[in-house]
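Engineer: Below you'll find the structure I mean.
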Amino acid sequence: MKIPSYQSNGVFASARLRGPLQLKQECLYVNDILIIFPEGYAEWDAKNQILTYKDKKIALGEELDLVGGSGQYELDNHQIKNLSPSCDHKSLWLAG
Numbered sequence: 017m018k019i020p021s022y023q024s025n026g027v028f029a030s031a032r033l034r035g036p037l038q039l040k041q042e043c044l045y046v047n048d049i050l051i052i053f054p055e056g057y058a059e060w061d062a063k064n065q066i067l068t069y070k071d072k073k074i075a076l077g078e079e080l081d082l083v084g085g086s087g088q089y090e091l092d093n094h095q096i097k098n099l100s101p102s103c104d105h106k107s108l109w110l111a112g
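Going by our numbering, the first residue of the sequence shown is number 17, and it counts up by one from there.
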């Protein structure tokens, strides 16, 4: 699975999203919100189902605490890479 990512300019929103890490149709969510990570910061271990983000390991079901901000697919899709068509992108979170 490729993790959806965006090109970061180094400035991140500072809102918080906290909840259990979910995997649905090869896409990662928290509280049913699709997570888009800054490019190069996140890695998915499919065999062990563990996300490594900023050197922290989070297993499915464990709490993921993210800063960032909500996004809108219609406005932000030009900067998102590796987004699978099977991902539900009604609600996006641009992780920081």
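Each residue gets a CB set at the ideal place from its N, CA and C atoms; glycine is no exception.
Do the stretch 85 to 105 and the stretch 40 to 59 make contact, defined as three or more Cβ pairs closer than 8 Å?
Structural biologist: Contact check between the stretch 85 to 105 and the stretch 40 to 59: three or more CB pairs, one atom from each, fall below 8 Å, which counts as touching.
Engineer: Our contact map puts L76 next to P20 with C-beta atoms below 8 Å; I'd like the distance itself, whole angstroms only.
Structural biologist: Against the sequence shown, residue 76 aligns to sequence position 60. Against the sequence shown, residue 20 aligns to sequence position 4. About 17 Å separates the CB atoms of L76 and P20; that is not less than 8 Å, and the two are not in contact.
Engineer: Do P54 and G112 have their C-beta atoms within less than 8 Å of each other?
Structural biologist: As a working note, residue 54 is residue 38 in the sequence shown. As a working note, residue 112 is residue 96 in the sequence shown. Contact: yes.
Engineer: Counting C-beta neighbours from all protein chains within 10 Å, is the total for G84 16 or more, i.e. buried, or is it exposed?
Structural biologist: Stepping through the sequence shown from its first residue, residue 84 is reached at position 68. So G84 ends up on the buried side.
Engineer: To which residues of the same chain is I96 closer than 7 Å at the C-beta, ignoring the five residues directly before and after it?
Structural biologist: Walking along the sequence shown from the start, residue 96 turns up at place 80. These residues qualify, in order along the chain: P20, Y22, I52.
Engineer: Between L91 and W109, what straight-line distance do the alpha-carbon atoms span, to the nearest angstrom?
Structural biologist: Mapped onto the sequence shown, residue 91 falls at position 75. Mapped onto the sequence shown, residue 109 falls at position 93. Roughly 13 Å separates the two Cα atoms.
Engineer: Just reading off the beta strand (DSSP E) that D61 is part of, what are its end residues?
Structural biologist: The residue labelled residue 61 in the question sits at position 45 within the sequence shown. Looking at the DSSP string, the run of the beta strand (DSSP E) that includes D61 is 58 to 61.
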